[in-house]
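One structure is given here, and the rest of the page talks about it.
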DNA sequence: AATGAATGAGGATTCATTCAT
DNA sequence: AATGAATGAATCCTCATTCAT
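Protein chains in written order, with UniProt numbering: chain F, 1 to 181; chain S, 1 to 181; chain L, 1 to 181; chain B, 1 to 181.
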C-alpha cells in the first residue's frame, strides 16, 4: 500500500503526464485548466494543490518532461574507442529517437495546427526546389552523385533553424561543408 | 487626397502589419483582439469591418504576409550558367535573408516566448556537445580539419527539423553526406 | 418625375414597409439596424436621416402601420338599418380580415417563435380539454347541442386575453352569456 | 445545514425564479445575462454552471415554470356529478386564477412593454366600440338585455386569439353561439 | 440623398483561480 | 486529499449610432 507521500507523488506525475498530452494536442493556450483536469480524471481545483498556477504547470512540464538531461547524457557518453563516423551516426540516431519518443513535447513547441501546417508547407516546398536544383547539377555532371534529397533537407534545415533560434548560420561555411571545393 | 477605396485598402494593410507585429510578439493566442486594435490605433470593432473574425485575420496574415511566394520565386530563378556551389551559396544566402527579413513571421510559428526559450536552450546545448565531439576527433586526426561548429549545427538542425515537421531524416545518409568514407 | 419631397416620402414608406417585414420575421430585438437597412436595400446610416433611432422607427411602424385607425373606421361605419346579428357577423369578419391582412404586425406583438410556440401549445391544450368537456355534457343531454369547439375556443380566449391585457374578465358573466339559465 | 446537493438545487430554483421575474419585466431579449445574475445576487459566470446558455435558461424557465401541467390537471379533474354550468364557471375561474398567479410568465409571452401597450390599446378600443354597438341595439330592443361589455370582450378576444395563434375562428359560428336565432 | 468608415458601449461566454466543505 | 460552488476579469464579437465625404 502506498504511503501518503507516495500517493501524492504518483498523482503529481499523473497530472504532468496528462498535461503533456493535452498541451501537445491543443497547444498550451488552447488547453483550459478544466481540460487538463478532465484528462487526469480530477477536478480543476485539485490541480492547485499540486501546482501554483497553470503557468507553473507549463513550466514544470517543460522542465520535468523535457529531455535536455537525456540529451546531455546521450551526447556525453564515453565513446572514445569507436570510429568517428560510426559514433556520429549512432549519436544522431539516438537524438532522432529521443525526439521521436517525445513527439508530444516537440509538438508543444509549435503553437497550433495552423502554424505547423504552414511550416510544413514552407519546408516542403523549399526542400523540393533545392533538391531539384541539386539533382539537375548532378545529372549535368557538375556535382558528384549523392543523396540530393537528404542534402536539400539538410541545407534547408540548417538555415531555417539558424534563423528560428536567432543565431543565423554561416552560409558559405555550410556550403563548403557539404560541397568542398 | 486619398479616395475612400484607397484609404480602406491602406487601413487593411495597416491592420495586417499591426497584427503581424503583435502576433510575433505575443503569439497568436496571446494576442487579444484589443491588443491588435490598439497596435493599429483603432477600435476593436473596426477590425470586424475588415476581417470576419480573429481567426480570419490570422489566416490572412499568414497568407498575405507569408513568404512562400517569395521563396518560390527565389528558388526557381534561372541560374543555368553559374557554377553549382556558387548558385547554392547565393540561394541559401537569399533564403537566409528572406527569413531574416521576415523574422516576425518566423516568430509566429512558435507559440510563445516560453517555447522559444526552451527550444533555443535545447538546440544550443545539442550543438555545443556535438561540436565538442567533432573538434575532439579532428584534434585526434581522425577527421579532416573542418568547420566543426557549422557541422554540428547542421547535423543537429537536420535531425530536429525532420522530427518537427513529421518527416524524419535518414540519419546514415546525413552522416555520409558530410563525412563521406 | 418625382419631386424631392415625393422621393423622400417614398423612401420613408419603403423603410417602414421593410421594417415591418423584418420585425415580424425576427422580432423587434432580434432585428439589427443593419438587417433593417439591408431589407430596404440601403445603408444603415441612411435610416438615421429618416428616423432618429431604432426605437423611433419601431414606434413609427407601430403607429403608422398599426391598424387602430382602420379598426375604428371599420367599427364606426353606419349600419343602422341592418339586423344586429348580421352586422355583428360582418363586423367581426372584417376585424378578422384586418388581423389576417396584418399578420406581420400581429407577429410583432409576440417576442419570438419560442413564445409563440409555447402560447400555441397552451391554448391548443386548453381548448381541446374544455371542448371535450362540453361535448361530453352535450352527449349527456345536459347542454343543448351546439358548436362546442367554437365555444371552447371562445371561453378560453376571453379568459386569456383578459389576463394578458391586465383586465380580467368576469367569469360568471362570461358563462351566463353563452349558457344562459 | 444543507447538503451540497440541496444547496445546488436551491440555487437552481432561485436562478429560475429570478429569471422568470426579470424576463417578465424586461422581456427575454431585453434581459442581459448580467441582469439575470444581478437579480439572483450572483455573478454572471455562475449562471453557466447551472445552464448551458441564456437560451437554455429561457427554455428551462418556460418548461419548469410553465403551467401547462397545472392547466392539464385542472381541466381533467373528475367533475362528473356537478351541473355543467357550475363546472364550467369553476373551471374557467380556476384557469383565470392560474393565469393571475402566473402573471409574470404570461408577460414573458409578450416581447416588450411597447408591444403590450399597443395590444392593450388595440383591444381596449375594439371592445369599447363593439360594446357601444351592442348596447345600442339592446336599447333599440333588437337584442335582449345582456352584459354587453362582457359580450364585446368575448367576441373580440375570440377573433384576436384565433389570428394570433394562427388558427382563425369561425366567425358565423361565434356569433351564433352568443346570439342564437 | 446616401455611403461607409469608425466608435464605444454592451452582450454572451470562458476561464484561471479561490475557498468552504 | 479532493470537490465543486463561486468569482471577476478578460475574451471575442455585435450593434446602435455618428460623421466626413
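Glycine included, every Cβ here is placed at the ideal spot set by N, Cα and C. On a predicted model such as this, the values are computed, not experimentally measured, just so you know.
Is the CB-CB distance between residue i and residue j below 8 Å?
i, j, result
"residue 134 of chain B", "residue 151 of chain B", "yes"
"residue 58 of chain L", "residue 33 of chain L", "no"
"residue 145 of chain B", "residue 89 of chain L", "no"
"residue 158 of chain F", "residue 174 of chain F", "yes"
"residue 46 of chain S", "residue 18 of chain S", "no"
"residue 164 of chain B", "residue 107 of chain B", "no"
"residue 65 of chain S", "residue 105 of chain S", "yes"
"residue 149 of chain L", "residue 124 of chain L", "no"
"residue 120 of chain B", "residue 161 of chain L", "no"
"residue 31 of chain B", "residue 22 of chain B", "yes"
"residue 168 of chain L", "residue 100 of chain B", "yes"
"residue 118 of chain B", "residue 109 of chain L", "yes"
Could you give the C-beta distance for residue i and residue j, rounded to a whole number, given that I count them as a contact under 8 Å?
i, j, result
"residue 98 of chain B", "residue 74 of chain B", "7 Å"
"residue 122 of chain S", "residue 68 of chain F", "6 Å"
"residue 51 of chain S", "residue 60 of chain S", "6 Å"
Hey, quick one: how far does the alpha helix (DSSP H) through residue i stretch, first residue to last?
i, result
"residue 71 of chain S", "68-76"
"residue 150 of chain L", "148-164"
"residue 182 of chain S", "Nothing about residue 182 of chain S can be reported from this structure: the residues present for chain S run from 1 to 181 only."
"residue 13 of chain B", "4-26"
"residue 143 of chain S", "Neither: residue 143 of chain S is in no alpha helix (DSSP H) and is coded neither H nor E."
On the CB-based measure, 16 or more other CB atoms within 10 Å of its CB, does residue i come out buried or exposed?
i, result
"residue 139 of chain L", "exposed"
"residue 41 of chain L", "exposed"
"residue 177 of chain B", "buried"
"residue 82 of chain L", "exposed"
"residue 96 of chain F", "buried"
"residue 103 of chain L", "exposed"
"residue 137 of chain F", "buried"
"residue 154 of chain B", "buried"
"residue 126 of chain S", "buried"
"residue 39 of chain F", "buried"
Quick one: what does DSSP say residue i is sitting in, helix, strand or coil?
i, result
"residue 43 of chain L", "coil"
"residue 51 of chain L", "coil"
"residue 36 of chain F", "helix"
"residue 125 of chain L", "helix"
"residue 79 of chain F", "coil"
"residue 109 of chain L", "coil"
"residue 181 of chain F", "coil"
"residue 213 of chain S", "Since the displayed chain S opens at 1 and closes at 181, residue 213 of chain S lies outside it and no answer follows."
"residue 168 of chain B", "coil"
"residue 65 of chain L", "coil"
Using a threshold of 7 Å, is the CB atom of residue i nearer than that to any non-hydrogen atom of the ligand PLP?
i, result
"residue 180 of chain L", "The ligand PLP is absent from the structure shown, which contains no ligands of any kind."
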